[in-house]
Amino acid sequence: MNLVAPAFATLAISRVMRPGHEQAFEPWADRCVAAAQAQPRFRCAVRLAQAGGLHHLLLQFGDRTALDAWTGQDGYRALSDEADDFSVGLDQSDAGTLLAFTLPSEAAARKWKTACVTWIGVVPTLLIVSAVIGWLLPGAPKVVQQILSSVILTAALTWLILPKVRGWSRFWMLQDERGQLLRNAE
């Protein structure tokens, strides 16, 4: 009787969508899961979606050999190349009964990129809000104008501007200099 637990092997595929291609992941993941299911020793698939176009697909095989055989096939490479057309990705694998993966997230973006994206959203909004407040309340003390401007600026940035700007820039923000998806802030 064999009491040793099987060393399952898992592939974690993470993808951040290019702007305008947010809907491309689901049909691609369906094809990827179908291709994996056709392989010997395939065990299961799990999809994880994060806000903002980050998606993860976990594929588990009976052992490392089965996983390596699948990822070495032309079919897997073709699926990976197809996904590169609409996203940037990171593949990680591990084997065993206790697995650990560091999944990409917006927290992995380099601070200078985050600052640039925030600045792009802040400057035009600040100029418009300040001009409108100055025009509406020309005789109000500057401190009152600044307080009103800051309230409107904060609300506009939180609910309108930064979600859009970050959505358009997420693909760029989460890449390293080689075009690979970041896992940790560097």
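So the sequence shown is numbered by our numbering: it starts at 234 and just counts up by one. Positions of the beta carbon are idealized from the N, C-alpha and C atoms, including for glycine.
Determine, using beta carbons only, whether residue i and residue j come nearer to each other than 8 Å.
| i | j | result |
| --- | --- | --- |
| residue 414 | residue 249 | yes |
| residue 300 | residue 268 | no |
| residue 420 | residue 279 | Limits of the chain in this structure are 234 at one end and 419 at the other, which puts residue 420 out of reach. |
| residue 334 | residue 327 | yes |
| residue 390 | residue 358 | yes |
| residue 404 | residue 252 | yes |
| residue 244 | residue 304 | yes |
| residue 400 | residue 308 | no |
| residue 341 | residue 261 | no |
Rounding to the nearest angstrom, what Cα-Cα distance links residue i and residue j in this structure?
| i | j | result |
| --- | --- | --- |
| residue 419 | residue 347 | In this prediction, residue 419 has a pLDDT of 48, which is less than 50 and means its spatial position is unreliable; what the coordinates show is noted afterwards. The alpha-carbon atoms of residue 419 and residue 347 are separated by roughly 13 Å. |
| residue 293 | residue 314 | 21 Å |
| residue 380 | residue 246 | 46 Å |
| residue 259 | residue 277 | 17 Å |
| residue 254 | residue 320 | 8 Å |
| residue 296 | residue 310 | 20 Å |
| residue 257 | residue 386 | 34 Å |
| residue 265 | residue 388 | 41 Å |
Give me, in chain order, the residues of the same chain whose beta-carbon lies closer than 6 Å to that of residue i; leave out the 5 immediate sequence neighbours on both sides.
| i | result |
| --- | --- |
| residue 329 | 240 |
| residue 318 | none |
| residue 242 | 294, 296, 297, 300, 328 |
Would you list the residues sitting across from residue i in a DSSP beta bridge?
| i | result |
| --- | --- |
| residue 302 | In DSSP, residue 302 forms no bridge with anything. |
| residue 250 | 320 |
| residue 280 | 290 |
| residue 404 | Looking at the DSSP assignment, residue 404 forms no beta bridge with any residue, so it has no partner. |
| residue 243 | 293, 327 |
CB-CB under 8 Å to residue i, same chain, minus the five flanking residues each way: which ones, in chain order?
| i | result |
| --- | --- |
| residue 337 | 247, 249, 287, 323, 407, 414, 415, 416 |
Report whether the distance from the Cβ of residue i to the nearest heavy atom of the ligand ATP is below 7 Å.
| i | result |
| --- | --- |
| residue 385 | Here there are no bound small molecules, and the ligand ATP is not part of this structure. |
State yes or no: is the beta carbon of residue i nearer than 8 Å to at least one beta carbon in chain D?
| i | result |
| --- | --- |
| residue 391 | No chain D is part of this structure, which consists of one protein chain only. |
For residue i, which residues in the same chain have their Cβ closer than 7 Å to its Cβ, ignoring the five residues on either side in sequence?
| i | result |
| --- | --- |
| residue 354 | 390, 394, 395, 398 |
| residue 350 | 398, 399, 402, 406 |
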